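Counted the way the working numbering counts, the sequence shown spans residues 268 to 532. Glycine included, each C-beta is placed from N, C-alpha and C at the ideal position. Bear in mind that the values here come from a model prediction, so they are computed numbers and not experimental data.
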Amino acid sequence: MRLQTLFHPQLRTSLLRSLRRDLNSRLFTRLKTTQNAFRSKNEAPALKPKENNATAPRTSTSSATTHAKTTIRRGPPERIMIYHGGTGKTIFLGMLRITSIFLFGVSCVVVAPAFSGDEFPAYLTPAIIVGGALPMLFIAYTSAPFVNFVHLALPAFARRSREQTIQYAKELPPTATLYINTMKFTTIPRQTEVRLGDLVADKAFTRPVSFRNKNPAPLPWWAGKTLRQFFTGKRSQPGKQSTTFYPELWEHVYKQIQNNGARRM
């Protein structure tokens, strides 16, 4: 109540100027500070808004990376099949090889020992073994270049969509990698990695050949000889429809291989 009497305007006007100045400088200043302190205790402190400037580049970078990954995943995989030799031809050649191996085994185990007696000539037993081995060796040699499948390795930019994959495969660089799948002597699949620039057109009189690899990769001695000659058709055989099968691209790749042979000559 005493403070309110001092604040009365009539009382303040009756005071001297020096006294009023003293009251204004001391009393009223202390009152304002106490009121501000009292308000600051009751009121909750205002929260400063977080600045998003530092996190903005990170979110944009992460979103761009996520979008690129999802785009590539939706597109073709790292390898696509561009040539299919035909299921019927592959099964026929496999059965033919198995049959020739079986005949060779029967001639060595059953037929040859039956003619190894004294009443038969000595050369008859080796002749039976050689005769049983000839069909097996002939089939293995002539069918070795037959290609079952051809896969093409795609870079990252060509895996974003089917249209970009087709555009890339129509004009492949010489460094493009092809994976040629053939069949071993024991009908086990064999995969050969080659570069498109190393394939040139070729022919042979003893077996069907479409092109060969002029720079084959060396193999260890126990792995056998590297296959150099391959046989494929000009067009791929129709197969099961899939997002990883592009049979229409083999015509363009086959033409590029033939052009490599023409340039070499």
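Query, Result
"If you scan the stretch 400 to 481 from start to end, which runs of the beta strand (DSSP E) of 3 or more residues do you find wholly inside it?", "416 to 420, 444 to 450, 456 to 462, 466 to 468 and 478 to 480"
"Check the DSSP bridge columns for His519 and list the partner residues they point to.", "His519 pairs with nothing; no bridge assigned."
"Have a look at Lys501, Ile396 and His418 and flag the residue whose alpha-carbon is nearest the alpha-carbon of Ala468.", "Lys501"
"What would DSSP say about Gln525, mapped onto helix, strand or coil?", "helix"
"On a Cα-Cα basis, can you pick out the residue from His418, Gly372, Gln504 and Trp488 that is closest to Val397?", "Gly372"
"Can you say whether Phe424 is buried or exposed, counting buried as having 16 or more other CB atoms within 10 angstroms of its CB?", "exposed"
"Tell me which same chain residues have a C-beta within less than 7 Å of the C-beta of Thr444, skipping the five on either side of it?", "Ala420, Glu460 and Arg462"
"Could you tell me whether the Cβ atoms of Phe497 and Phe512 are closer together than 8 Å?", "no"
"Which residue from Tyr446, Gly399 and Glu515 puts its Cα closest to that of Ile368?", "Gly399"
"Short check: CB of Pro475 to CB of Pro412, under 8 Å?", "yes"
"In terms of residues, what are the limits of the alpha helix (DSSP H) holding Arg346?", "Element bounds for Arg346: not the alpha helix (DSSP H) but the beta strand (DSSP E), Arg346 to His351."
"Within 8 Å, do at least three Cβ pairs link the stretch 344 to 352 to the stretch 400 to 410?", "no"
"Under three-state DSSP, which class holds Phe359?", "helix"
"Quick one: residues in its chain with C-beta nearer than 7 Å to the C-beta of Gln523, no 5 flanking neighbours on either side, listed in chain order?", "Leu439 and Leu463"
"Per DSSP, which residues does Gln504 bridge with? Please list them.", "Gln504 is not bridged to any residue."
"Are the CB atoms of Val414 and Thr499 within a distance shorter than 8 Å?", "yes"
"Can you find the residues in the same chain that come closer than 8 Å, C-beta to C-beta, to Thr224, ignoring five residues on each side of it along the sequence?", "With the chain represented from 268 up to 532, any question about residue 224 goes unanswered, as that position is not in the structure."
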